[in-house]
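A.B. asks: Input: one structure, supplied below.
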Amino acid sequence: LSSMSYYFYLHTNSFSGSLPSQLGLLSLATGNIEYTSNSFCGDLPSQVTALSSQTLDWVTTTQTYIGTPCCVVLSSIYTCSPTLVPTSPTTLPTSIPSSVPTSVPTVHCESGLYLDGTVC
Numbered sequence: 066l067s068s069m070s071y072y073f074y075l076h077t078n079s080f081s082g083s084l085p086s087q088l089g090l091l092s093l094a095t096g097n098i099e100y101t102s103n104s105f106c107g108d109l110p111s112q113v114t115a116l117s118s119q120t121l122d123w124v125t126t127t128q129t130y131i132g133t134p135c136c137v138v139l140s141s142i143y144t145c146s147p148t149l150v151p152t153s154p155t156t157l158p159t160s161i162p163s164s165v166p167t168s169v170p171t172v173h174c175e176s177g178l179y180l181d182g183t184v185c
């Protein structure tokens with residue numbers, strides 16, 4: 066792509082989805098860049114937008130959905146909804162810690178034996 070210098074036509078090919086940022090590699094293109102009559106959607110990648118100042122004919126939005134989220138125009142492929150269930154298990158928070166830390170851990174012992182066999 067980086068060696069193409071004039072025409073780049075993608076029109077009327079039944080392409081769909083977002084335009085790839087790799088089209089920004091057309092850095093030598095000074096002629097026509099056209100990708101009309103497809104189902105492109107979403108925002109233009111900044112790499113592609115940067116090319117607009119150097120080309121003679123920049124045809125992007127005729128019969129495309131550029132600027133419209135893909136999930137709106139291609140709802141059978143893309144979704145706008147977030148997932149409802151977390152994809153990994155979550156851990157519940159532990160109890161609230163005491164407000165004053167101690168220098169050594171506090172051992173609570175009910176009436177009975179310590180693990181080492183001594184009596185509480």
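Take 66 as the starting number for the sequence shown in the working numbering and just add one per residue.
Ideal Cβ positions, reconstructed from N, Cα and C, are used throughout, including at glycine.
Can SER70 and ALA94 be called in contact, C-beta distance under 8 Å?
C.D. replies: Cβ atoms of SER70 and ALA94: closer than 8 Å.
A.B. asks: Between the alpha carbons of THR101 and ALA115, how many angstroms are there, rounded?
C.D. replies: Cα to Cα, THR101 sits roughly 18 Å from ALA115.
A.B. asks: With 16 as the cutoff for other CB atoms within 10 Å, does ILE142 come out buried or exposed?
C.D. replies: Looking at its Cβ environment, which holds fewer than 16 other Cβ atoms inside 10 Å, ILE142 is exposed.
A.B. asks: Taking a contact to mean a Cβ-Cβ separation below 8 Å, would you say ASP108 touches GLY132 in this structure?
C.D. replies: Cβ distance < 8 Å, so ASP108 and GLY132 count as in contact.
A.B. asks: Please classify CYS135 as buried or exposed, where buried requires at least 16 neighbouring CB atoms within 10 angstroms.
C.D. replies: By the neighbour-count rule (16 or more Cβ atoms within 10 Å), CYS135 is buried.
A.B. asks: For ASN78, is the classification buried or exposed, using 16 other Cβ atoms within 10 angstroms of its Cβ as the cut-off for buried?
C.D. replies: Exposed.
A.B. asks: Should VAL137 be labelled buried (16 or more other beta-carbon atoms within 10 Å of its own) or exposed?
C.D. replies: Exposed: under 16 other Cβ atoms inside 10 Å.
A.B. asks: How many angstroms separate the CA atom of SER92 from the CA atom of SER81?
C.D. replies: Cα to Cα, the separation comes out at about 23 Å.
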